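Engineer:
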Amino acid sequence: RHGQERAVQFIEQHINTRMSADRCDAEITRRGIAQTNSNDCKETNTFIRANTGVVRSVCGNAGVRDGGFTRSLQPFDLVVCKLRNQGARLPRCNYRGQITTRYIKIKCEQGYPVHFEGDIMLVD
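So the mapping is simple: our numbering equals the position in the sequence shown, first residue as 1, plus 6.
1. For THR35, name the three-state secondary structure that DSSP assigns.
2. Indicate whether the contact test is met: 3 or more Cβ pairs, each with one atom in the segment 48–59 and one in the segment 68–77, closer than 8 Å.
3. Between ASP28 and GLN92, what straight-line distance do the alpha-carbon atoms span, to the nearest angstrom?
4. Counting only runs that start and end within the segment 20–64, where is the beta strand (DSSP E) found for 3 or more residues in a row?
5. Please classify GLU33 as buried or exposed, where buried requires at least 16 other C-beta atoms within 10 Å of its C-beta.
6. Assuming TYR101 contacts ASP31 (C-beta within less than 8 Å), just tell me the rounded distance between them.
7. Beta-carbon within less than 6 Å of ARG12's beta-carbon, same chain only, minus the 5 sequence neighbours each way: which residues are those?
8. Shortest alpha-carbon distance to MET25 belongs to which of VAL86, LYS111, PHE122 and TYR118?
9. Within a Cβ cutoff of 6 Å, which residues of the same chain sit near THR35, ignoring the five residues on either side of it in sequence?
10. Based on Cα-Cα distance, which residue from ASP83, ILE39, VAL129 and LEU79 lies nearest to THR107?
11. Closer than 7 Å by C-beta to HIS20: which residues in its own chain qualify, once you throw out the five before and the five after it? Chain order, please.
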């Protein structure tokens with residue numbers, strides 16, 4: 007059950023199929039995304055522009071183990087929101103958004119994504 011609760015939080019923080027670079031402030035404020043157990047703005051928050059099922063499949067056969075994490079075999083469209091006003095707190099977080107395509111590195115529990123560890127650049 008714990009894995010599913012954390013998965014719901016992961017979805018709330020990191021999944022948005024229609025996310026755009028100029029929606030960082032609005033989405034982060036609307037979803038109440040902040041540092042764990044505080045109102046401090048997160049330095050970075052990454053939104054994955056894919057539906058939940060596609061991201062969840064990374065925890066299955068669409069991913070490969072990488073230490074304690076799982077790395078996607080396919081690149082994803084991401085919007086990376088970086089904090090502009092250091093030290094600010096919700097709801098005054100101002101972000102700069104950037105669209106990128108990268109592999110994702112996540113933590114899976116019981117087949118669910120529960121933590122976004124980072125993204126990995128595409129290397130030819």
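Even for Gly, the Cβ is constructed at its ideal location relative to N, Cα and C. Remember, it's a predicted structure, so these values are computed and weren't measured experimentally.
Structural biologist: Walking through what the data contain:
1. Residue 35 sits at position 29 when you count from the first residue of the sequence shown. Helix.
2. Of all C-beta pairs linking the segment 48–59 to the segment 68–77, fewer than three are shorter than 8 Å, placing the two stretches out of contact.
3. Walking along the sequence shown from the start, residue 28 turns up at place 22. Walking along the sequence shown from the start, residue 92 turns up at place 86. When rounded, the distance between both Cα atoms is 19 Å.
4. At a cut-off of 3 residues, the continuous stretches assigned as beta strand (DSSP E) that sit fully inside the segment 20–64 are 50–54.
5. Here residue 33 is taken as the residue at index 27 of the sequence shown, counted from 1. Buried is the label assigned to GLU33, since at least 16 other Cβ atoms lie within 10 Å of its Cβ.
6. Translated into positions along the sequence shown, residue 101 becomes position 95. Translated into positions along the sequence shown, residue 31 becomes position 25. Correct: roughly 6 Å between the Cβ atoms.
7. Residue mapping note: residue 12 aligns to position 6 of the sequence shown, counting from 1. Here the set comprises VAL120.
8. Looking up residue 25 in the sequence shown gives position 19. For the residues VAL86, LYS111, PHE122 and TYR118, the minimum Cα distance to MET25 belongs to VAL86.
9. Residue 35 sits at position 29 when you count from the first residue of the sequence shown. In the same chain as THR35, and ignoring 5 residues on each side of it, the C-beta atoms closer than 6 Å to its own belong to PRO97, in chain order.
10. Locating residue 107 in the sequence shown gives position 101, counting from the first residue. Among ASP83, ILE39, VAL129 and LEU79, the Cα nearest to that of THR107 belongs to ASP83.
11. Numbered from 1 along the sequence shown, position 14 holds the residue referred to as residue 20. So the qualifying residues of the chain are THR52, PHE53, ILE54 and PHE122.
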